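**Q**
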Amino acid sequence: MTLEGAFEIQLRLAELELPTIFSISISFALLKTYGIPSISKLLVATGELSNPEFSFKSAADTGVLVTGIVLNKARSDWNMDAITRMDWLHDRYRTPGEIKDEDKLYTLSLFVLEPVRWTERFEWLERCALAIYWKNLGEVMDIQYDALPSAKSGWQDEFHWLDKLKAWSKAYDFKSTTKRHVSNATSPKAGPANPSGSVSQGAPELKNGGLPFSSTWYTSPLEDPRVYRMKDKVYAMETFNDLVDIIAQATEDQRRMKAALMKN
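Quick note on numbering: full-length UniProt numbering labels position 2 of the sequence shown as 2, and the sequence is numbered without any gaps.
Given below as structure tokens:
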């Protein structure tokens with residue numbers, strides 16, 4: 001599969017087949033990066049995570065840039081402008097070493113693995129396209145893959161790269177988030193790192209009921225320090241699973257109808 005073909009499949013996934021799921025998965029990829037102490041520490045220090053005035057704007061700006069990257073053909077003018085702007089925003093922290101190579105790779109892994117996690121009920125084609133597209137994006141943004149298993153010997157195909165990325169990302173997530181209690185990012189002096197703040201600001205009246213529901217979409221260990229009542233979380237998880245099943249069934253029915261119409 002070529003990079004151009006991967007883009008067309010991802011674009012169809014994002015705009016036509018699963019636009020809501022794709023958008024939500026990208027949003028949660030961003031939120032999950034806040035669970036890494038070295039990332040949240042930097043965001044708290046800059047006020048982009050702890051200050052409500054800036055956190056919502058930061059999330060919106062990131063959303064605009066990611067949309068520009070995802071929905072425009074790879075290496076097109078719009079695509080490269082968005083990547084250049086993203087790099088420029090991070091360069092001020094990259095030069096003094098405040099952004100680690102591992103954090104950049106982990107962030108990239110979430111942006112490819114979250115859509116895969118949400119769409120893996122479906123065909124291999126989408127998984128392959130997402131792997132090709134985001135692997136290329138990482139190369140364009142000069143994200144080093146040396147930390148990934150098989151980096152020296154090379155990967156057999158896109159699925160091999162995706163599997164190694166998933167294993168590394170999970171291990172890095174666990175290693176980093178288990179150190180959160182000694183991180184300055186969560187100290188009273190630095191201010192609380194609230195990853196759900198940028199979400200609840202848009203609809204504060206949904207905060208009490210929405211946060212337990214949204215917490216079911218996090219994967220351990222990020223959800224561990226969150227203080228939600230277990231019964232609320234269990235109920236929200238059951239509701240979420242029901243919603244996923246309904247969406248999956250509706251999508252499958254839609255695909256069958258399209259296939260039947262094409263045959264006729």
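C-beta atoms are modelled at their ideal positions from N, C-alpha and C, and glycine is treated no differently. Quick caveat, the model's predicted, so the values are computed rather than measured.
When burial is assigned at 16 or more other CB atoms within 10 Å of the CB, is Tyr-34 buried or exposed?
**A** Tyr-34 should be labelled buried.
**Q** Can you tell which of Ala-129, Ala-171, Leu-30 has the C-alpha that lies nearest to the C-alpha of Leu-148?
**A** Ranking Ala-129, Ala-171, Leu-30 by Cα distance to Leu-148 puts Ala-171 first.
**Q** Among residues of its own chain, excluding the 5 on either side of Trp-78, which ones have a beta-carbon nearer than 8 angstroms to its beta-carbon?
**A** Closer than 8 angstroms at the Cβ level, and outside the excluded window around Trp-78, lie Gly-68, Asn-72.
**Q** Are the beta-carbon atoms belonging to Ser-21 and Trp-118 less than 7 angstroms from one another?
**A** It is worth fixing the name first, because residue 21 is Ile in this sequence and not Ser. Yes, Cβ-Cβ distance for Ile-21 and Trp-118 is below 7 angstroms.
**Q** Three Cβ pairs or more, each shorter than 8 angstroms: is that satisfied between the segment 76 to 90 and the segment 137 to 153?
**A** Yes, since at least three Cβ pairs between the segment 76 to 90 and the segment 137 to 153 fall closer than 8 angstroms, the two stretches touch.
**Q** Is it the case that the Cβ atoms of Glu-114 and Phe-28 are separated by a distance below 7 angstroms?
**A** Yes, these two residues count as a Cβ contact at 7 angstroms.
**Q** Under 7 angstroms, do Leu-65 and Arg-92 count as touching if we go by C-beta distance?
**A** Taking 7 angstroms as the Cβ cut-off, Leu-65 and Arg-92 do not qualify as a contacting pair.
**Q** Suppose you measure from the CA of Gly-154 to the CA of Glu-15; what does that come to, to the nearest Å?
**A** Looking at the two C-alpha atoms, the distance is approximately 33 angstroms.
**Q** Do Glu-98 and Cys-128 come within 7 angstroms of each other at the CB atom, strictly closer than that value?
**A** No, the Cβ-Cβ distance between Cys-128 and Glu-98 is not below 7 angstroms.
**Q** Entirely within the segment 108 to 181 and at least 4 residues each: give me those alpha helix (DSSP H) ranges in chain order.
**A** Runs of the alpha helix (DSSP H) inside the segment 108 to 181: 124 to 140, 158 to 177.
**Q** Can you give me the start and stop residues for the alpha helix (DSSP H) that Glu-8 sits inside?
**A** Residues 3 to 12.
**Q** Return yes when the Cβ of Asp-103 is within less than 7 angstroms of the Cβ of Ile-9, no when it is not.
**A** Result no, Cβ atoms of Ile-9 and Asp-103 do not sit closer than 7 angstroms.
**Q** What span of residues does the alpha helix (DSSP H) with Gly-63 cover, start to end?
**A** Per DSSP, Gly-63 belongs to the alpha helix (DSSP H) from 52 to 70.
**Q** Locate the alpha helix (DSSP H) running through Leu-43, then write down its first and last residues.
**A** 37 to 46 is the span of the alpha helix (DSSP H), which, as asked, contains Leu-43.
**Q** Do we get a CB-CB distance below 7 angstroms when we pair Ala-60 with the residues of chain D?
**A** No chain D appears in this structure, which consists of one protein chain only.
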